[in-house]
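Numbering (the working numbering), first residue to last: 32 to 176.
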Amino acid sequence: MGHYPEPRAGAIYTLQFLQRKYGHLHNEALREASALCGLSITQLEELVSFYPLLLRRPVGRRVLRICDSIACHMAGAPALLDEAVRLSGVPLGQPSADGAVTVLPHVCLGLCDLAPAALLDEAAHGPLDAAALAALVAPENTGGQ
32 MGHYPEPRAG AIYTLQFLQR KYGHLHNEAL REASALCGLS ITQLEELVSF
82 YPLLLRRPVG RRVLRICDSI ACHMAGAPAL LDEAVRLSGV PLGQPSADGA
132 VTVLPHVCLG LCDLAPAALL DEAAHGPLDA AALAALVAPE NTGGQ
């Protein structure tokens, strides 16, 4: 945190680091971030609730986010989201039984040139079709069984 003009300036990066470390931002992670950044738990909750890439609930080891912005929607994202749920075998937003993957819709990934697009963890993919999506959620890519 020493390279920021003040500790609070690194709050987002601290939250991202802790999410990678723990898988999601549970209460202890927020307490840790609070101590590092000098922000209250409430201020950190406000940040987490604003940024959809920050997660408070448990998710799978891999997170597949399907963009549902207008460009991706028009390019077929709703069908891809349904297919991702079918392929993962779990309801939207829930970790798979083996804890390998969670599928989430995402309001805009900023990947309109790749529509329909997705993020698998932090890696961008697109344009996607059913075959490319199936490869993304295959067990060898998600660590599942």
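Where a beta carbon is used, it is the ideal one built from N, C-alpha and C, also for glycine.
Here the structure is a predicted model, which means the values were calculated and not measured.
Can you name the residues that DSSP bridges to residue i?
{"i": "residue 97", "result": "136 and 149"}
{"i": "residue 126", "result": "133"}
{"i": "residue 155", "result": "150"}
With distances taken between CB atoms, is the gap from residue i to residue j smaller than 8 Å?
{"i": "residue 124", "j": "residue 133", "result": "yes"}
{"i": "residue 86", "j": "residue 55", "result": "yes"}
{"i": "residue 93", "j": "residue 129", "result": "no"}
{"i": "residue 106", "j": "residue 168", "result": "no"}
Closest by CA to residue i, which one among the options?
{"i": "residue 89", "options": "141, 127, 82 and 151", "result": "127"}
{"i": "residue 122", "options": "105, 85, 95 and 146", "result": "95"}
{"i": "residue 159", "options": "84, 86, 129 and 98", "result": "98"}
{"i": "residue 48", "options": "103, 64 and 93", "result": "64"}
{"i": "residue 102", "options": "118, 117, 138 and 162", "result": "138"}
Would you mind giving the Cβ-Cβ distance between residue i and residue j, rounded to the nearest angstrom? I have them listed as a contact below 8 Å.
{"i": "residue 145", "j": "residue 155", "result": "7 Å"}
{"i": "residue 142", "j": "residue 157", "result": "6 Å"}
* At a cut of 8 Å, does the stretch 110-119 reach the stretch 70-82 through at least three beta carbon pairs? -> no
* Validate contact between the stretch 53-70 and the stretch 36-44 using beta carbons, cut 8 Å, 3 pairs -> yes
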